[in-house]
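Residues in the sequence shown are numbered from 20 upward in steps of one, following full-length UniProt numbering.
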Amino acid sequence: HTLETGSVTWESPSNIALVKYWGKKKNQIPENPSLSFTLNKCKTITTLSFTKKLKEDHTFSFDIYLDGEKKADFKPKIQTFFERIEIYLPFLKKYVFKIETENTFPHSSGIASSASGMSALALCLMSIEKQLLDADVSHKEDEGPFTQKYFNQKASFLARLGSGSACRSIEGALIAWGKTEGIEGSTDLFGIKYPYQVHENFKNYQDTILLVDKGEKQVSSTVGHNLMYNHPYALNRFQQAHQNLETLKEILGSGDLDAFNALVESEALTLHAMMMTSMPYFILMKPNTLEIINRIWNFRQKTGLPVSFTLDAGANVHVLYPHNESQKILQFIKSELVVYCQNGHYICDQIGLGANQT
Ligand code: PMV
């Protein structure tokens, strides 16, 4: 008996890096380790339907729909993804796929959907691999490799080959990716759950995303990572990321929020500094990004409240703060920061636990 047709659905979140991944080697191997908070509300929901081809051919057959609309311009990225992962999923050319996807956050919000999108697709593909194995009678007897751990690791491994940061979206709440001495079990190949005790200050940590610029990304992350080749500060930066992870490990244990804020902000500005000092060079912040940063700093100095920012490779600002200070800080965000958002648009999110099959 084989699997003729079916469909699977996964919803998978975005994530926000505290120590940033910027720069990669061949095969989506990161130049430095990174650590992220998995988000909760910013998600991609993907349904993957599959029908067995009458005769296997030499092409990947698939169509992609975003919010019900066929997206031909997404095809090259998925084509590349399938080419990279075919050796790990030999069934890919045997089926015709329909990929239907939607995001819980508005598209063209400037929020990267590659992490949530690629992880959702990788998880759907893993579910098919599992169904194929279940349908194969010869495999019924043994348990097979399909432990939950194997499933998640391979999903993360595959997601990485779609978009590096996507490997950090399978689970939560804190995910480490990239081999580094201080984190046991860390690997370049997939994300792992942060294996140490985390201080309760970081439980339900809040991330309010201020949408400063909803336009198309000025620099794709592929171009961005490539800027780290021959970058004059690259080696120091990669070393610094290892050190910052060590420091962050101490902070996560002790709950020192001042140290946390300093480290996370420095990481964000360093990421942007790398882009400003590459050739060609880019400024991805907008005037309103700087307005927001300055207001956060003033507010923090005035009130002593533990609020900080981080940035992706774009102009939007992620405002980070502990759950128990939400009321005052959210009040500040609404009264002072939201005016700098495009159309007053922002998203209140928090740390989440990872992807779900629906
Ligand atoms: O996953 P990519 O290739 O889109 O790279 C994303 C890199 C940053 O978001 C800027 C940093 C990170 O660690 O997520």
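Ideal placement from N, C-alpha and C gives every residue a C-beta, glycine not left out.
Values in this document were obtained by computation on a predicted structure and should not be read as measured data.
Under a three-way DSSP split, which group does residue 211 fall into? strand
Determine whether the beta carbon atoms of residue 115 and residue 74 lie at a separation below 8 Å. no
Spatially closest choice to residue 106 from 61, 41, 212, 180, by CA coordinates: 180
C-alpha distance - residue 313 paired with residue 168, whole-angstrom precision: 43 Å
Three-state secondary structure assigned by DSSP to residue 373: strand
Between the segment 207 to 216 and the segment 232 to 245, are three or more C-beta pairs nearer than 8 Å? no
CB of residue 224 to nearest heavy atom of the ligand PMV: below 7 Å? no
Would you identify the three-state DSSP class for residue 102, choosing helix, strand or coil? helix
Since residue 43 contacts residue 52 with CB under 8 Å, what's their CB separation in whole angstroms? Contact doesn't hold; Cβ gap of about 12 Å is too wide.
Going along the chain, which residues of its own chain have a beta-carbon closer than 6 Å to the beta-carbon of residue 289, five neighbours each way excluded? none
Using the Cα positions of residue 241 and residue 103, report the straight-line distance between them to the nearest angstrom. 15 Å
So, is the C-beta of residue 320 closer than 8 Å to a C-beta in chain B? Structure shown: chain B not included; a single protein chain is present.
Please find out if some non-hydrogen atom of the ligand MN comes closer than 7 Å to the beta-carbon of residue 183. No copy of the ligand MN occurs in the structure displayed; its ligands are the ligand PMV alone.
Which of helix, strand or coil DSSP assigns to residue 351: helix
The ligand PMV and residue 40: does the residue's C-beta get closer than 7 Å to at least one heavy atom of that ligand? yes
Over the uninterrupted alpha helix (DSSP H) stretch that includes residue 196, give me the two end residues. Residue 196 -> not in any alpha helix (DSSP H); beta strand (DSSP E) instead, spanning 193 to 196.
Excluding the 5 residues flanking residue 353 on each side, which residues of the same chain have their C-beta closer than 6 Å to its C-beta? none
Backbone CA spacing between residue 230 and residue 197 [nearest angstrom]: 29 Å
Measure the alpha-carbon distance for residue 137 versus residue 41 and round it to whole angstroms. 18 Å
Flag residue 33 as yes when its Cβ comes closer than 7 Å to any non-hydrogen atom of the ligand PMV, and as no otherwise. no
Expressed to the nearest angstrom, what Euclidean distance is found between the alpha-carbon atoms of residue 83 and residue 322? 49 Å
Does the segment 184 to 203 come close enough to the segment 333 to 340 that 3 or more CB-CB pairs lie under 8 Å? no
Closest residue to residue 32 among 24, 297, 132, 22 (Cα-Cα distance): 132
So which of 56, 363, 173 has the shortest CA-CA distance to residue 141? 173
Can you tell me whether residue 88 is helix, strand or coil according to DSSP? strand
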